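Visitor: Protein chains in written order, with the numbering used here: chain A, 1 to 416; chain B, 1 to 207; chain C, 1 to 414.
Here it is as structure tokens:
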């Protein structure tokens with residue numbers, strides 16, 4: 001029987017000819033990524049709980065300091081030091097302040113056909129390049145680190161057949177929020193969201209990352225695209241070769257199928273406190289905000305910054321709003337410098353930060369206070385996610401967020 | 001302290017009650033109310049005793065209250081962190097009426113007025129140091145925290161012992177007398193009024 | 001009898017000649033309040049019973065210590081600041097434009113000969129353009145907001161003469177560190193420092209700012225530079241007769257005079273944890289470091305970033321070492337983009353953060369932990385200032401700091 005891309009990746013990693021949903025397999029991991037959110041805990045377990053601590057293959061490990069960088073308190077600094085010292089002792093690839101982990105991974109490591117574990121839920125982003133990336137906890141990570149392997153329960157796949165093309169002013173961000181609004185926050189629990197069809201081909205790698213990145217917000221184990229010419233071109237630009245390019249077989253089995261006509265997607269906003277609380281953006285317009293955030297592994301890429309810069313050029317951020325712009329990586333920051341985007345944001349009165357996770361998870365920079373309202377391109381709008389428990393987070397596209405920063409309330413670019 | 005830095009002859013001759021009026025009425029444009037009010041409040045504490053905590057030279061404002069805690073809502077929220085970089089346990093040990101004896105340049109660093117406020121809130125009744133930094137000095141006076149300059153006491157002082165301060169004369173410790181400058185009445189009056197805020201309230205006809 | 005610069009400024013303000021020790025009431029030309037203290041100023045102001053500001057245009061409110069907010073309660077300060085500004089009709093509010101002291105001179109709020117107070121000890125900075133400026137607490141600030149006046153004691157003046165040409169690897173930061181080391185951290189308490197000499201005349205306003213900024217670290221009430229054509233250009237004014245007269249008279253009475261030959265000066269550092277514990281960098285070489293910070297109101301200006309970029313161009317920050325660069329203002333950030341400085345720094349591996357006080361004030365922006373060592377261009381290395389009390393802070397010039405970032409240890413700049 002035919003297999004999906006995800007099934008083929010797992011089969012290859014397990015060294016078997018075929019797998020089917022519900023099977024449990026031991027797999028070889030191609031790469032393990034851990035960030036400063038939890039690495040110190042992993043290091044503690046490694047040093048204190050194991051009888052014979054060792055690392056299967058240090059070349060497969062990547063440590064990235066991104067969540068709290070530069071650090072905002074001694075406790076954070078101590079966690080990061082533990083991580084840094086461990087990386088140094090064991091010769092592990094170490095990145096600090098160079099970008100949000102998933103962006104750094106896509107820019108520097110991820111190859112089509114790979115199976116990657118990351119100690120972060122948004123590891124599902126790597127499907128943008130046809131890899132199977134998934135988030136795990138510290139214990140799973142430690143096991144993978146020590147053995148180079150792990151076990152996986154083969155997930156069912158859900159097919160998202162995309163047709164048409166996104167209209168002008170509508171972004172992949174609006175699309176994924178629309179999809180999550182439709183399937184629900186647990187609509188794809190433990191399943192793979194496979195994005196395919198003619199519409200999928202029209203999406204850039206950045207768009208695909210935006211989609212795959214939020215797969216976990218529908219409960220999915222991962223999101224994935226077939227590695228096509230665009231993926232190959234991206235790899236070539238970044239000096240890498242694919243591990244293996246898989247296509248889903250025509251007779252592959254999907255547990256469900258959805259079709260989304262991209263041309264019908266409209267700007268949307270996810271209201272507090274759930275990612276699937278999605279409404280047309282117009283319905284949220286007029287809500288006063290205190291802060292706007294353009295950044296994160298979901299929407300902090302050059303394409304997103306271009307969207308924001310075009311809207312804000314020659315205009316000013318509202319006096320009532322703190323507009324934080326945070327490129328997702330140092331590479332993106334430098335590209336944005338070169339294109340004049342950073343200067344446009346600075347001229348408009350934005351706060352431009354070094355690449356990090358910050359506002360998206362409510363730490364170190366741009367923390368929002370009591371009863372404050374944030375509109376964000378981040379990944380989540382859970383209660384208190386970006387700061388005080390009484391604060392509210394709305395999720396929107398780069399265009400909506402930027403327009404809102406200018407208007408001082410949730411707004412669409414057409415209104416300003 | 002501030003006035004101890006003024007050469008002795010100036011101190012004795014120039015700073016009089018007249019000067020006090022001059023200073024304060026200038027500051028508060030054309031009202032005599034304030035100085036009258038302050039004069040009424042002058043009540044020199046003659047003598048007091050307290051248990052001593054000994055600190056070193058250059059006790060800076062970041063030690064007295066680290067920036068990390070400056071945005072807490074109230075002085076009461078902050079005071080538990082007083083002196084924490086140097087002696088984290090100290091804030092919990094200080095009791096009302098205690099005295100700090102320190103070396104030179106006490107209160108150097110930032111203009112944060114929380115520094116004297118916290119020392120006062122912890123219950124310290126006065127700080128005796130070899131010398132004080134300028135901004136800290138003004139802030140202390142404005143908040144009614146008594147500062148006394150004494151060059152030798154610190155070198156002899158043992159923590160936990162008690163000293164007796166005889167205002168305008170000397171500090172008694174271990175059978176020895178350490179002379180202190182007499183405190184000009186204008187500063188004493190601000191301290192006794194309970195700080196500059198109360199003085200200004202009076203100016204604005206509120207108390 | 002002759003007058004020092006501070007005596008001339010005060011005379012001009014009060015309308016009669018003054019001498020050290022005199023207590024006078026001055027009319028304040030401008031005040032600055034920053035985000036950490038605005039709630040306290042507002043509370044005291046209202047508690048004092050004032051109904052209005054003496055002059056809303058003379059009051060400047062700047063958010064910098066808490067930008068971007070790093071703790072849950074930080075944004076409350078912005079709301080309380082905004083509310084106070086609105087209630088009392090203040091227009092001069094900067095919400096994310098950079099560090100207060102940089103903005104006060106850069107945005108034209110301070111002119112030569114002015115008397116300015118701010119709720120921050122580094123308010124001494126404005127002496128770089130020949131203004132008498134000093135830090136005060138929030139209670140006194142509240143009283144100025146109501147009355148427009150402040151009582152001061154006329155300080156004695158220490159004259160600092162620096163003649164000659166500074167060596168290429170020596171910056172004005174090295175000069176002020178050396179001076180603080182020689183005077184001691186309380187060596188100028190309650191005194192004015194007056195800077196003069198050919199090396200001072202050759203310095204940019206930015207370099208003078210570094211020196212004036214750190215005068216407080218020797219305890220000084222203020223630091224003063226004679227306004228000249230560079231000052232005029234920087235302030236975008238033509239100097240009037242009074243401003244031109246702000247030179248210490250030959251027969252003025254100084255408490256003492258300290259003289260340096262610029263050629264004798266070398267790169268130095270203030271070692272943990274006293275600002276006056278000054279050592280030649282050459283004696284510290286080889287000490288391993290974990291982090292480098294280039295920024296602050298002391299050394300976050302364009303010439304500082306340019307100096308760092310020159311050192312870092314084509315090089316990389318050492319492995320496992322962090323370099324954090326925080327330009328002092330939005331304007332400087334944008335100028336640094338235009339000149340390619342930020343790209344050079346980013347290429348070398350620097351994290352470039354938004355203009356603000358950042359790490360210098362110890363609230364965020366690169367806090368360290370036990371056993372870590374940082375070389376920083378800011379103004380204080382107090383115990384616990386940038387993290388735990390077991391963090392070692394070395395203060396240095398941008399050139400030295402950049403060289404250390406490349407080497408991963410303390411080295412002298414070339």
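Ideal placement from N, C-alpha and C gives every residue a C-beta, glycine not left out. Quantities reported herein were computed from a predicted structural model and do not represent experimental measurements.
Could you check whether the Cβ of residue 129(B) sits closer than 8 angstroms to any Cβ belonging to chain C?
Guide: No, residue 129(B) lies away from the interface with chain C (no Cβ there is under 8 angstroms from its Cβ).
Visitor: Could you tell me the boundaries of the beta strand (DSSP E) in which residue 133(A) lies?
Guide: Counting along the chain, the beta strand (DSSP E) containing residue 133(A) begins and ends at 132 to 135.
Visitor: How is the alpha helix (DSSP H) around residue 304(A) delimited, first residue to last?
Guide: Where residue 304(A) is concerned, the enclosing alpha helix (DSSP H) stretches over 302 to 312.
Visitor: Need the endpoints of the alpha helix (DSSP H) that residue 333(C) sits in, please.
Guide: 330 to 338 is the span of the alpha helix (DSSP H), which, as asked, contains residue 333(C).
Visitor: With a threshold of 8 angstroms between beta-carbons, can residue 55(C) be considered close to chain A, or not?
Guide: No, residue 55(C) does not count as interfacial toward chain A.
Visitor: Show which residues of chain E have a CB atom less than 8 angstroms away from the CB atom of residue 174(B).
Guide: This model lacks chain E altogether; the protein chains it does include are A, B and C.
Visitor: In the DSSP output, which residue or residues are listed as bridge partners for residue 88(B)?
Guide: Residue 88(B) is not bridged to any residue.
Visitor: Quick one: residues in its chain with C-beta nearer than 6 angstroms to the C-beta of residue 177(A), no 5 flanking neighbours on either side, listed in chain order?
Guide: If we look at residue 177(A) and ignore the five residues flanking it on each side, its Cβ neighbours are 268, 270 and 278.
Visitor: Residues of chain A with a CB under 7 angstroms from the CB of residue 73(C): which are they?
Guide: Those are 369, listed as they occur along chain A.
Visitor: Give me, in chain order, the residues of the same chain whose beta-carbon lies closer than 6 angstroms to that of residue 82(A); leave out the 5 immediate sequence neighbours on both sides.
Guide: Only 40 and 43 meet the Cβ criterion.
Visitor: How many whole angstroms separate the CB atoms of residue 328(C) and residue 300(C), which I take to be in contact at a CB cut-off of 8 angstroms?
Guide: So it is a contact: roughly 3 angstroms between Cβ atoms.
Visitor: Given a threshold of 16 other Cβ atoms within 10 Å of its Cβ, counted over all protein chains shown, does residue 142(B) qualify as buried or as exposed?
Guide: Per the 10 Å Cβ criterion, buried.
Visitor: Taking Cβ positions only, does residue 301(A) come closer than 8 angstroms to chain C?
Guide: No - not a single Cβ of chain C is within 8 angstroms of the one on residue 301(A).
Visitor: Which residues, in chain order, does the stretch 106 to 139 of chain B contribute to contact with chain C at a C-beta distance below 7 angstroms?
Guide: Residues 108, 109, 110, 111, 113, 131, 133, 134, 135, 138 and 139.
Visitor: Taking the C-alpha atoms as reference points, what is the distance between residue 324(C) and residue 73(A)?
Guide: Distance between the alpha carbons of residue 324(C) and residue 73(A): 15 angstroms.
Visitor: Under the three-state reduction of DSSP, which class applies to residue 152(C): helix, strand or coil?
Guide: Note: residue 152(C) maps to strand in three-state DSSP.
Visitor: Can you give me the Cβ contacts of residue 362(C) inside the same chain, cut-off strictly under 6 angstroms, excluding the 5 residues immediately before and after it?
Guide: The residues are 385 and 386.
Visitor: The beta strand (DSSP E) spanning residue 176(B) covers which residue range?
Guide: Element bounds for residue 176(B): 176 to 179.
Visitor: Excluding the 5 residues preceding and the 5 following residue 417(A) in the sequence, name in chain order all residues of the same chain whose CB lies nearer than 8 angstroms to its CB.
Guide: This structure cannot settle anything about residue 417(A), because the visible part of chain A is limited to 1 through 416.
Visitor: If you draw a straight line from the C-alpha of residue 18(C) to the C-alpha of residue 138(B), how long is it?
Guide: Rounded to whole angstroms, residue 18(C) to residue 138(B) spans 21 angstroms at the Cα level.
Visitor: Chain B partners of residue 138(C), CB-CB under 7 angstroms?
Guide: Chain B residues near residue 138(C): 113.
Visitor: Quick check on the DSSP output: the alpha helix (DSSP H) that includes residue 179(C) runs from which residue to which?
Guide: Counting along the chain, the alpha helix (DSSP H) containing residue 179(C) begins and ends at 172 to 183.
Visitor: Between the alpha carbons of residue 32(B) and residue 144(C), how many angstroms are there, rounded?
Guide: With a pLDDT of only 33 at residue 32(B), under 50, the local geometry of the prediction cannot be trusted, and no value is derived from it.
Visitor: Is the beta carbon of residue 390(C) sitting closer than 8 angstroms to the one on residue 289(C)?
Guide: Their beta carbons are not under 8 angstroms apart, which means residue 390(C) does not touch residue 289(C) by this criterion.
Visitor: Please go through the same chain and pick out, in chain order, the residues whose beta-carbon is closer than 6 angstroms to the beta-carbon of residue 66(A), but skip the five residues on each side of it.
Guide: 35, 100, 101, 356 and 357.
Visitor: Just checking, does the stretch 378 to 388 of chain A make contact with the stretch 48 to 66 of chain C on the three C-beta pairs under 8 angstroms criterion?
Guide: Contact fails: fewer than three Cβ-Cβ distances are below 8 angstroms.
Visitor: By alpha-carbon positions, which one of 255(C), 278(C) and 256(C) ends up nearest to residue 266(C)?
Guide: The residue with the shortest Cα to Cα distance from residue 266(C) is 278(C).
Visitor: Quick one: does residue 102(B) have its CB under 8 angstroms from some CB of chain C?
Guide: No - not a single Cβ of chain C is within 8 angstroms of the one on residue 102(B).
Visitor: Residues bridged to residue 326(C) by DSSP?
Guide: DSSP, once it has assigned bridges, lists 295(C) as partnering residue 326(C).
Visitor: May I ask you to list the residues that DSSP assigns as paired with residue 53(B)?
Guide: Paired residues: 100(B).
Visitor: So with CB distances below 7 angstroms, who are the chain C contacts of residue 288(A)?
Guide: In chain order: nothing, as chain C lies at least about 13 angstroms away.
Visitor: Should residue 26(C) and residue 141(C) be called a contact, given that it needs their Cβ atoms to be closer than 8 angstroms?
Guide: Not closer than 8 angstroms, so no.
Visitor: Please name the residues in the stretch 96 to 124 of chain A whose beta-carbon is closer than 7 angstroms to at least one beta-carbon of chain C, in chain order.
Guide: The stretch 96 to 124 of chain A vs chain C, Cβ under 7 angstroms: 96 and 97.
Visitor: Does chain C have any CB closer than 8 angstroms to the CB of residue 347(A)?
Guide: Judged by the 8 angstroms Cβ criterion, residue 347(A) is in contact with chain C.
Visitor: Take residue 39(C) and list the residues in its own chain whose beta-carbon comes closer than 8 angstroms to its own, dropping the five residues that flank it on each side.
Guide: The residues are 76, 77, 80 and 81.
Visitor: Counting along the chain, where does the beta strand (DSSP E) carrying residue 101(C) start and finish?
Guide: Taken as a continuous stretch (DSSP letters only), residue 101(C) belongs to no beta strand (DSSP E), being part of the alpha helix (DSSP H) at 100 to 106.
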